[in-house]
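Read through the structure below, which is laid out as structure tokens, and then see the notes.
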Ligand SMILES: [Ca+2]
Ligand SMILES: [Ca+2]
């Protein structure tokens with residue numbers, strides 16, 4: 002029995018829709034003269050992994066609000082994207098620091114700060 006190893010030569014990339022599936026034809030050839038051959042079809046499907054971090058769009062953010070701005074007023078909306086698929090590409094938001102006085106809240110799903 003002789004084996005032929007199909008090996009990854011360049012990094013797979015699920016995020017490129019054109020590179021998610023590969024239909025290859027493999028040929029085996031003997032050393033006879035003339036040689037005889039056979040072929041087999043091989044399909045390789047690339048599956049997504051969480052290899053992208055979310056990215057904020059249009060950063061850095063800076064905004065001024067009047068001190069008479071009423072509670073519930075929209076300050077601004079942050080926006081981020083993530084190239085991964087399904088839950089690996091869905092994002093939510095929270096205020097990580099700098100809000101000790103609890104002056105602001107952010108909607109975790111929409112990124113709207115109030
Ligand atoms: Ca991700
Ligand atoms: Ca991915």
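Residue numbers (the working numbering): 2 to 115.
Each residue gets a CB set at the ideal place from its N, CA and C atoms; glycine is no exception.
For residue 26, the uninterrupted beta strand (DSSP E) segment begins and ends at 22 to 30. The beta carbon of residue 5 sits closer than 8 Å to those of 27 and 29, all from its chain and outside the five residues before and after it, given in chain order.
Residue 107 is positioned such that its CB atom lies closer than 8 Å to that of residue 95.
Fewer than three Cβ pairs drawn from the segment 33 to 53 and the segment 61 to 80 lie within less than 8 Å of each other, which leaves the two stretches out of contact. Setting aside the 5 residues that flank it on each side, residue 102 has no residue in the same chain whose C-beta is closer than 6 Å to its C-beta.
Here DSSP, grouped into helix, strand and coil, assigns residue 19 to helix.
Spatial neighbours of residue 37 in its own chain (CB-CB distance under 8 Å, excluding positions within 5 residues in sequence) are listed in chain order as 30 and 31. Of 91, 105 and 90, the smallest CA-CA separation from residue 97 is found for 105.
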